[in-house]
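The next block holds one structure in the form of C-alpha cells; read it before the comments.
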Amino acid sequence: MSTTTTTQTSGSTTTVKLAFDTTLHNQYKYGAYLPVYDETTAFPPLQPFEFDDRGLVANKAKSNLFPENNSDIHASKITPVIGTEICGLQLSQLNDLQKDELALLIAERGVVVFRDQDFKDIGIQKQKEFGRYFGPLHIHPTGAHIKDHLEFHNIYLGPDNEYRNESKLDKLSTIGYHSDVSYEHQPPGITILTLLSVPPSGGDTIWASQTAAQKKARRDGRHVRRQPVKSEHPIVRIHPATGQKALFIQPGFTKRIIGLKQEESDGLLKILFKHIAQGQDFQARVRWEEGTVALWDNRVTAHTAVNDYNVHNPQEGLRHGFRITTLADKPIGVNGLESVW
1 MSTTTTTQTS GSTTTVKLAF DTTLHNQYKY GAYLPVYDET TAFPPLQPFE
51 FDDRGLVANK AKSNLFPENN SDIHASKITP VIGTEICGLQ LSQLNDLQKD
101 ELALLIAERG VVVFRDQDFK DIGIQKQKEF GRYFGPLHIH PTGAHIKDHL
151 EFHNIYLGPD NEYRNESKLD KLSTIGYHSD VSYEHQPPGI TILTLLSVPP
201 SGGDTIWASQ TAAQKKARRD GRHVRRQPVK SEHPIVRIHP ATGQKALFIQ
251 PGFTKRIIGL KQEESDGLLK ILFKHIAQGQ DFQARVRWEE GTVALWDNRV
301 TAHTAVNDYN VHNPQEGLRH GFRITTLADK PIGVNGLESV W
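Using full-length UniProt numbering, the first residue of the sequence shown is number 1, and each one after it goes up by one.
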C-alpha cells in the first residue's frame with residue numbers, strides 16, 4: 001500500500017509518494033528514514049567540478065586512525081585481497097586526519113566495515129556532513145529516498161515493497177554486480193551504507209575487487225559507453241590516491257566497448273562480467289549486524305546485495321537502511337586515457 005501527499009513550502013508545491021504501508025510502521029523507530037518518491041523536484045545536469053581526493057593527503061602509516069597506544073582498536077582483513085573490518089572506532093567521532101587516512105584505507109582495501117556504530121542514530125544532518133567530507137553528495141535520478149533529503153538513497157525490502165522480489169521472476173538469481181551510478185560523468189568514490197533494520201539471517205552484501213580482477217584479466221585501454229547519461233569511460237581506470245589499476249565495468253551500467261563491433265563488444269563484456277561475478281578469490285561477503293556501517297570505494301570495487309530471505313516471514317524481519325554516495329574524480333585510464341561525454 002502506498003499513498004501520495006502534497007506539501008507546500010515557500011510558495012512551491014511538492015508531491016511525495018510513500019513507498020511503504022503506513023499501517024505497518026506506526027511504532028517504527030526509524031520512520032523518518034522510510035522510502036518516499038519526490039515526484040516534483042527536478043535538477044539540471046551535473047556540472048564538472050574539481051575533486052580533491054582525501055586519500056592523497058593522508059598519512060600512509062595511518063597512525064592517527066590506528067594509534068599505537070590504543071589497544072581497543074582492532075583491524076582485521078576479511079580476505080587477503082579485499083575488505084577490512086574495524087572494531088573499537090566510532091565513525092561519528094573521527095577527526096579530519098583520521099577521515100583522510102580512512103579514505104586511503106578504503107581505496108587500498110576496497111571496502112571497510114565498522115561494527116557497533118552509533119552512526120544511524122546521530123541524525124540526518126550529521127550523517128550528511130560526514131559523507132560530504134569525502135565529496136559532493138549524489139542524488140539518485142529515480143530511486144527512493146527519505147523525505148526532504150534526496151541525498152539519502154533508500155534501501156528497503158519488506159512485505160509492502162517488493163521490487164527486488166518482482167525483479168527476480170525472470171531471473172535465476174538476484175545477484176547483480178555493479179558500482180554505484182557509474183554512468184555519471186564523474187562517478188562516485190566512497191559510498192557509506194548502514195542498515196536500520198537487519199534480518200536475523202540473509203541479506204548479506206558481496207564486494208568484488210576490481211583491482212584484482214584487472215590484474216587477472218590484463219586488458220588495458222579502450223572505452224565503455226554507459227546509459228542513461230552517455231559517458232565514455234576507460235575500461236581500466238587508475239585510482240588517484242593509490243595508483244592502482246582497476247576494471248571499471250559492470251553489467252548494471254556498461255553497454256558496449258567503443259571501437260569494437262557489437263558482437264565483439266558483447267563477447268568481451270560477457271567474459272569480463274563472468275570474471276567479476278565468479279572471482280571468489282577476490283571477493284568479500286559481509287554479514288550485517290546491528291550497528292554495522294560499510295564504506296567502499298566504487299572506483300576499485302563492484303558489489304551486489306544477496307536477496308535470500310522471505311520478507312513475508314515475520315521471523316526473518318525487515319531489511320531497511322540508507323546509502324550516502326559521494327561523487328569523485330573524472331576517470332583517468334592507462335596512458336592518460338580520459339573519460340569523455
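Just so you know, even glycine gets a beta-carbon here, dropped at the ideal spot from N, CA and C.
Helix or strand or just coil, what does DSSP make of residue i?
i: Ala19; result: coil
i: Leu94; result: coil
i: Arg225; result: Confidence at Arg225 is low in this model, with a pLDDT of 21, below 50, so its placement is unreliable and no value can be given for it.
i: Ser231; result: strand
i: Leu268; result: helix
i: Val57; result: helix
i: Glu85; result: strand
i: Gly31; result: helix
i: Arg132; result: helix
i: Asn26; result: coil
i: Asn310; result: coil
i: Gln250; result: coil
i: Glu289; result: coil
i: Lys245; result: strand
i: Asp236; result: First, the amino acid is wrong: residue 236 is Val here, not Asp. Reduced to three states, the DSSP call for Val236 is strand.
i: Gly336; result: helix
i: Leu318; result: coil
i: Leu105; result: helix
i: Lys120; result: helix
i: Ala42; result: coil
i: Ala144; result: coil
i: Phe51; result: coil
i: Ala77; result: Here residue 77 turns out to be Lys, not Ala, going by the sequence shown. Lys77 falls in the strand class under three-state DSSP.
i: Glu68; result: coil
i: Ile276; result: helix
i: Lys261; result: coil
According to DSSP, residue i sits in a beta bridge with which residue or residues?
i: Leu196; result: Its beta-bridge partners do not exist; DSSP assigns none.
i: Tyr37; result: Lys17
i: Ser209; result: Thr301
i: Pro188; result: Leu327
i: Val112; result: Thr84 and Leu295
i: Gln283; result: Ala208
i: Tyr156; result: His320
i: residue 342; result: Nothing about residue 342 can be read from this structure; the chain reaches only from 1 to 341.
i: His149; result: Ile146
With a cut-off of 8 Å on the beta carbons, I'd call residue i and residue j a contact; round off their distance for me.
i: Val293; j: Gln117; result: 5 Å
i: Ala61; j: Leu104; result: About 10 Å separates the two Cβ atoms, so there is no contact after all.
i: Leu34; j: Phe51; result: Not a contact, Cβ separation roughly 32 Å.
i: Glu184; j: Leu295; result: In fact, because the Cβ distance is near 19 Å, the residues do not count as touching under 8 Å.
i: Leu94; j: Phe119; result: The pair is not a contact, with the Cβ atoms about 11 Å apart (cut-off 8 Å).
i: Leu137; j: Thr326; result: 6 Å
i: residue 418; j: Gly321; result: Summary: the structure shown does not reach residue 418, with the chain confined to residues 1 through 341, and so no result is reported for it.
i: Pro234; j: Gly333; result: 3 Å
i: Thr41; j: Leu150; result: 7 Å
i: Ala107; j: Thr242; result: 5 Å
i: Glu232; j: Ser339; result: 6 Å
i: Gln210; j: Thr301; result: 6 Å
i: Arg100; j: Gly55; result: A small correction: the amino acid at residue 100 is Asp; Arg does not occupy that position in the sequence shown. Asp100 to Gly55, Cβ: 7 Å. Contact.
i: Pro159; j: Gly317; result: So it is not a contact: roughly 11 Å between Cβ atoms.
At the level of alpha carbons, what is the spacing between residue i and residue j?
i: Val111; j: Gly252; result: 20 Å
i: Lys270; j: His178; result: 14 Å
i: Lys216; j: His275; result: 9 Å
i: Arg319; j: His145; result: 15 Å
i: Gln278; j: Gln27; result: 42 Å
i: Gln98; j: Leu65; result: 5 Å
i: Phe49; j: Asp38; result: 26 Å
i: Gln283; j: Pro188; result: 20 Å
i: Ser81; j: Val113; result: The amino acid occupying residue 81 in the given sequence is Val; Ser does not appear at that position. Using only the alpha carbons, I get a separation of about 15 Å.
i: Phe152; j: Leu196; result: 13 Å
i: Leu102; j: Thr84; result: 11 Å
i: Gly259; j: Leu247; result: 18 Å
i: Ile324; j: Gly291; result: 16 Å
i: Pro141; j: Glu68; result: 44 Å
i: His312; j: Trp288; result: 20 Å
i: Ser237; j: His25; result: Position check: residue 237 holds Arg in this sequence, whereas Ser was assumed. Roughly 44 Å separates the two Cα atoms.
i: Arg299; j: Asn161; result: 30 Å
i: Leu337; j: Trp207; result: 26 Å
i: Ile78; j: Arg285; result: 8 Å
i: Tyr309; j: Ile175; result: 14 Å
i: Gly135; j: Ala328; result: 6 Å
i: Arg109; j: Thr23; result: 42 Å
i: Gly202; j: Leu272; result: 27 Å
i: Gln186; j: Pro331; result: 7 Å
i: Asp72; j: Ile124; result: 28 Å
i: Thr254; j: Gln280; result: 21 Å
i: Thr304; j: Ser173; result: 11 Å
i: Thr205; j: Asp180; result: 14 Å
i: Asn307; j: Gln315; result: 16 Å
i: Val16; j: Pro44; result: 20 Å
Mind checking whether the beta-carbon of residue i lies closer than 6 Å to any heavy atom of the ligand COA?
i: Pro331; result: With respect to the ligand COA, the structure offers nothing, as it holds no ligand at all.
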